[in-house]
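Trainee: With the numbering used here, you'll find the sequence shown wraps up at 133, consecutive numbering, no jumps. C-beta atoms are modelled at their ideal positions from N, C-alpha and C, and glycine is treated no differently.
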Amino acid sequence: MTITLQAVNELIASLESAGELSIREQKFLKLAKAYQHLAAENVALKKSAPAPFSKLMMEALDTYHSKADDVPELAMLSAYVKLRDGLKTPATDRIVAGIKADGVDEFAAKLRIPGDDQFLTL
12 MTITLQAVNE LIASLESAGE LSIREQKFLK LAKAYQHLAA ENVALKKSAP APFSKLMMEA
72 LDTYHSKADD VPELAMLSAY VKLRDGLKTP ATDRIVAGIK ADGVDEFAAK LRIPGDDQFL
132 TL
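(1) I'd like to check one pair, ALA102 with LEU49: are the Cβ atoms closer than 8 Å?
(2) Please list the terminal residues of the continuous alpha helix (DSSP H) segment that includes PRO101.
(3) Helix, strand or coil: which one does DSSP assign to ASP73?
(4) Could you have a look at SER65 and say whether DSSP puts it in helix, strand or coil?
(5) Which same chain residues, not among the five before or five after LEU32, have their C-beta less than 7 Å away from its C-beta?
(6) Under the assumption that ALA43 contacts LEU22 (Cβ atoms under 8 Å), give the Cβ distance between them as a whole number of angstroms.
(7) DSSP on LEU85, reduced to helix/strand/coil?
(8) Would you identify the three-state DSSP class for LEU42, choosing helix, strand or coil?
(9) Mind checking whether LYS57 and ALA71 have CB atoms under 8 Å apart?
In structure tokens, the structure reads:
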């Protein structure tokens, strides 16, 4: 299923003007706003370019120069990784953190031995 950003914006406007929302509608609104933030973040990422004399660009160039004599291709890749990792993606980071937290909880639940839960205090 494909949904456009315009449809999401219309859904948000509709829900926000509806008055008191049911729990289900509140969840839809929260999800729609998260989608909106991700879409905006994606647009910014596609347009992003490091400033030529920024601290991040200088660090990437230093990374390149420190490895260029050995294998230039790996030096370029290292510089790219430095620039890529400097991009801020708060909406994506929040979602990934939630997924990781859920995964840790699930993993811990699988490891628990019934009746012998050292993490459970009563």
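Mentor: With the structure as the only source:
(1) yes
(2) 101–122
(3) helix
(4) In this structure, SER65 counts as coil in the three-state DSSP scheme.
(5) LEU26 and LEU40
(6) 5 Å
(7) helix
(8) helix
(9) no
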